Amino acid sequence: MSQADLAPTYFMDPSLIRNFCIIAHVDHGKTTLSDRLLQVTGLIAERDMQAQLLDSMDLERERGITIKAHPVTLNYKAKNGQTYRLNLIDTPGHVDFSYEVSRSLAACEGALLVVDAAQGVEAQTVANVHLANKEGLTLIPIINKIDLPSSDIPGVKKQLEEILAIPGDEAILVSAKTGQGIEDVLEAIVARLPAPKGADGKELKALVFDSVFDTFRGVIAYVRVISGEITAGTPIMLMQSGRKYETKEVGTFSPKMTIGKKLGPGDSGYLVANLKTTAEIDIGDTITHAIHPAKEPLTGFRKVQPMVFSGLYPINTDDFEKLKLALGKLQVNDSSLVFIPESSPALGFGFRCGFLGLLHMEIVQERLSREFGMEVLSTYPSVIYEVRLTSGKVLSVENPVQLPDPSVIEEIREPMVTVFLLCPNENIGDLVAMVREKRGEVTKTDSLDGKRVMLTTDIPLSEILVDFSDRIKSITRGYGSMDYEHGPYRADDLVKLEILVNGEPMDAFSCIVHREKAPARGRALTAKLKEVIPPQLFKVSLQAAIGGKIVAREDVKSFGKNVTAKCYGGDITRKRKLLEKQKEGKKRMKQFGKVNIPQEAFLQILKAFGD
């Protein structure tokens, strides 16, 4: 029987279905393993095989990362003679997409935990295991790349036991590259992973774990049916918004979309309804029957909130409308991207954009450049602060300009993250010093294998936005790795730092910083501004201020005109009179004159502080 014959046009006993995902640190072979599973189960013919088969975006292929979740349905005839339907969801691994990962994990009962035989357990491995344990998944440990000369299988088994509390003997030895051990993985999926939960329920409940936009069919929702069944023509309702639609088509991924007759309990697949934009459907929402709805939605739903904000301005000011159109098109595919228009006296018209994290921001900028030919400038990234006022009201502030007057602020809270740092033993001192410099603290230290240590630290999110990862790589000469989880908000002594040019505040450079760090940042900004602002006809003062207090100052000297050049010798009083007149003129000009700051100056400063 071929894979096409086994497409879900028929009902399968839920006890023969297995829903699982693959979790791993970057470059440990997650996507290669999924490619090999597709090949061994006969879903992909040898001639159609290509690397990173489930990664469809050019960006995913180039960076070797998974940005969108990619489900696929495999059929496997086990050694016990039964044919099983295996639903694999290839999840993103990066923390920016952690909510999408958590919803993908919620669609599964088990996970394959892939660890590189040469590199061992890494920071992201630990973070992913935490996520999987929160969702109550059964883990199958897999030690990949055993064909490498530098592989250390006993060492990796020991790490699994000591760091992750997973018995080393349970690990399956695999080389996804050569195909060694793939049959053992398939048998373990069938034998060790549980059948779908809740499949005996009568009411329709399906979890939305992702959605994509198709130009011709609108939004395609990726769903995992928990109970009940969906067919073409089924009236459905989204439980969070109450919106109702009619299902036009259902099916699975083999690995391309394959139309089926229905999706039953335990099935993972897709459905097409008359959804026009991804904003209409939320990841984690519950789909139920519109006429006979379920009493309770599935747990774990939350609205995706941006974590990092940055201003995006077109380098060519005439491209504002083009940028608006490009962001609108990206948002149709990516509902987690938010943007609102804003203007700056320095940079002209642009947009305040919200992203899930730095990688998400980087990807959006890269796609703007590649797909729409847009060259944009991004302002210094900021996070969302919670501001408690003396009246008891709590505000969310994502732009320093929105911060109220200090006299009405009781406290400012900032988002924290738990950062997992893996590094060689000899770099511990330097990394601990860097964590302290970033206002963080080390909460736990674990020795891995006599050579490496894992530091668990709590650090403000704003401190890891720009150069944190690069500095780790620099300190550890490339041997360190990091991952992080979002934590709670914490109050601290935070202030708004403003840059004044001739007494006029420049919003583009305003930022919220810790009081202790404000003078140093103010000095750095004013010094940089002094370099790039051209001399004016009058002296220009550059000041960094907290409230009414000036913490740093630089002056741009005026270029002088020699008004006494026409006086040859003669009475000194005439020269003095001309110089006094010039002085008065400059004083008057300083009161009414505008400082001409070229856009190039802003570009240079924002690049210097944004890289």
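The C-terminal residue of the sequence shown carries number 655 in my numbering, and the numbering is unbroken.
Backbone N, C-alpha and C define an ideal beta-carbon position, used for all residues, glycine too.
Computed from a predicted structure; not experimentally measured.
Would you mind giving the Cβ-Cβ distance between residue 570 and residue 598, rounded to the nearest angstrom? I have them listed as a contact below 8 Å. As a first step, residue 570 is located in the sequence shown; it is residue number 526 there, counting from the start. As a first step, residue 598 is located in the sequence shown; it is residue number 554 there, counting from the start. Yes, they are in contact, since the Cβ atoms of residue 570 and residue 598 sit about 4 Å apart, within 8 Å.
Taking only beta-carbon positions, decide if residue 350 is within less than 7 Å of chain C. Given the protein chain composition of this structure (a single chain), no chain C is represented.
For residue 448 and residue 365, I'd like the C-alpha separation in whole angstroms. As a working mapping, residue 448 is identified with position 404 in the sequence shown. As a working mapping, residue 365 is identified with position 321 in the sequence shown. Those two C-alpha atoms are separated by around 31 Å.
With distances taken from CA atoms, which of 462, 159, 421, 347 is nearest residue 367? As a first step, residue 367 is located in the sequence shown; it is residue number 323 there, counting from the start. Cα-wise, what sits closest to residue 367 is 421.
Whole-angstrom C-beta distance between residue 182 and residue 132, which should lie under 8 Å: As a working mapping, residue 132 is identified with position 88 in the sequence shown. As a working mapping, residue 182 is identified with position 138 in the sequence shown. Their Cβ separation, rounded to whole angstroms, is 15 Å, which puts residue 132 and residue 182 out of contact at 8 Å.
Among the candidates 246, 248, 156, whose CA atom is the shortest distance from the CA of residue 231? On the sequence shown, position 187 is the one that residue 231 refers to. Closest option to residue 231, Cα to Cα, is 156.
Per DSSP, what are the beta-bridge partners of residue 278 in this structure? As a first step, residue 278 is located in the sequence shown; it is residue number 234 there, counting from the start. DSSP lists no partner for residue 278.
If the criterion is Cβ atoms closer than 7 Å, does the pair residue 450 and residue 555 meet it? Residue numbering aside, residue 450 sits at position 406 when the sequence shown is read from its first letter. Residue numbering aside, residue 555 sits at position 511 when the sequence shown is read from its first letter. Contact flag unset, no.
Inter-residue spacing [alpha-carbon to alpha-carbon] between residue 126 and residue 307: Residue 126 sits at position 82 when you count from the first residue of the sequence shown. Residue 307 sits at position 263 when you count from the first residue of the sequence shown. Computed Cα separation, rounded: 21 Å.
Those residues which DSSP pairs with residue 426 across a bridge: If you number the sequence shown from 1, residue 426 lands on position 382. The partner list for residue 426 (beta bridge, DSSP) reads 353.
Please go through the region 159-213 and give each complete alpha helix (DSSP H) segment of 4 or more residues, from N-terminal end onward. 167-178, 197-208
For residue 555, which residues does DSSP report across the bridge? Taking the first residue of the sequence shown as 1, we reach residue 555 at position 511. BP columns for residue 555 point to 541.
Would you kindly report the start and end of the unbroken alpha helix (DSSP H) that includes residue 464? Translated into positions along the sequence shown, residue 464 becomes position 420. Not the alpha helix (DSSP H): residue 464 falls in the beta strand (DSSP E), residues 453-468.
So for residue 126, helix, strand or coil by DSSP? Walking along the sequence shown from the start, residue 126 turns up at place 82. Three-state DSSP puts residue 126 in coil, outside helix and strand.
Mark residue 63 as exposed unless 16 or more other C-beta atoms lie within 10 angstroms of its C-beta, in which case mark it buried. For the purposes of this step, residue 63 is identified with residue 19 of the sequence shown, where counting begins at 1. Result: buried.
Would you report the Cα separation of residue 187 and residue 477, rounded to the nearest angstrom? Here residue 187 corresponds to residue number 143 of the sequence shown, with the count starting at 1. Here residue 477 corresponds to residue number 433 of the sequence shown, with the count starting at 1. Using only the alpha carbons, I get a separation of about 34 Å.
Assign residue 575 to one of three DSSP states: helix, strand, or coil. Here residue 575 is taken as the residue at index 531 of the sequence shown, counted from 1. Helix, per DSSP.
With respect to the beta strand (DSSP E) encompassing residue 361, which residues constitute its N-terminal and C-terminal limits? Taking the first residue of the sequence shown as position 1, residue 361 is located at position 317. Premise fails: residue 361 is in no beta strand (DSSP E) and is neither H nor E.
Considering only DSSP beta bridges, list what residue 267 is partnered with. Taking the sequence shown and counting its residues from 1, one reaches residue 267 at position 223. Bridge partners of residue 267: 252, 313.
Tell me residue 587's beta-bridge partners as DSSP assigns them. Here the question's residue 587 lines up with position 543 in the sequence shown. Residue 587 is bridged to 544, 597.
Check whether residue 273 and residue 338 have beta carbons under 7 Å apart: On the sequence shown, residue 273 is found 229 positions in, with the first residue counted as 1. On the sequence shown, residue 338 is found 294 positions in, with the first residue counted as 1. Cβ distance not < 7 Å, so residue 273 and residue 338 don't count as in contact.
Tell me where the beta strand (DSSP E) around residue 395 begins and ends. Indexing the sequence shown from 1 puts residue 395 at position 351. It spans 392-399 - the beta strand (DSSP E) in which residue 395 sits, taken as one unbroken run.
When DSSP labels each residue in this structure, what does residue 387 get in the three-state scheme? Taking the sequence shown and counting its residues from 1, one reaches residue 387 at position 343. In this structure, residue 387 counts as strand in the three-state DSSP scheme.
Could you give the residue range of the beta strand (DSSP E) that holds residue 304? Translated into the one-based positions of the sequence shown, residue 304 becomes position 260. Element bounds for residue 304: 301-304.
Spell out a yes or no on whether the region 466-476 and the region 546-553 are touching, meaning 3 or more CB-CB pairs, one atom from each, closer than 8 Å. no
In whole angstroms, what is the alpha-carbon distance linking residue 223 and residue 371? The residue given as residue 223 occupies position 179 in the sequence shown. The residue given as residue 371 occupies position 327 in the sequence shown. So the alpha carbons of these two residues sit roughly 42 Å apart.
Smallest Cα separation from residue 500: which of 542, 401, 207? In the sequence shown, the residue the question calls residue 500 occupies position 456. Looking at the Cα atoms, 207 is the closest of the given residues.
Reducing DSSP to helix, strand and coil, say where residue 226 ends up. The residue you call residue 226 lines up with position 182 of the sequence shown. It is helical.
Check the C-beta distance from residue 117 over to residue 312 and give it rounded, since I have them as a contact under 8 Å. Working through the sequence shown from its first residue, we reach residue 117 at position 73. Working through the sequence shown from its first residue, we reach residue 312 at position 268. Right, the Cβ-Cβ distance comes to about 7 Å (below 8 Å), so this counts as a contact.
Excluding the 5 residues flanking residue 432 on each side, which residues of the same chain have their C-beta closer than 6 Å to its C-beta? Indexing the sequence shown from 1 puts residue 432 at position 388. The residues are 438, 454, 455.
Alpha carbon of residue 151 to alpha carbon of residue 564, nearest angstrom: Taking the sequence shown and counting its residues from 1, one reaches residue 151 at position 107. Taking the sequence shown and counting its residues from 1, one reaches residue 564 at position 520. Taking the straight line from one Cα to the other gives about 48 Å.
List in chain order: all unbroken beta strand (DSSP E) runs of 3+ residues lying wholly within the region 489-546. 496-504, 525-536, 538-545
Sorted by chain position, which residues of the same chain lie with C-beta nearer than 8 Å to residue 214's C-beta, five sequence neighbours on each side aside? Here the question's residue 214 lines up with position 170 in the sequence shown. If we look at residue 214 and ignore the five residues flanking it on each side, its Cβ neighbours are 184, 185.
Check whether the Cβ atoms of residue 385 and residue 335 sit closer than 7 Å, and answer yes or no. Here residue 385 is taken as the residue at index 341 of the sequence shown, counted from 1. Here residue 335 is taken as the residue at index 291 of the sequence shown, counted from 1. Contact: no.
What residue from 402, 590, 520, 492 has the CA that sits closest to residue 507's CA? Locating residue 507 in the sequence shown gives position 463, counting from the first residue. Residue 402 is the option with its Cα nearest to residue 507.
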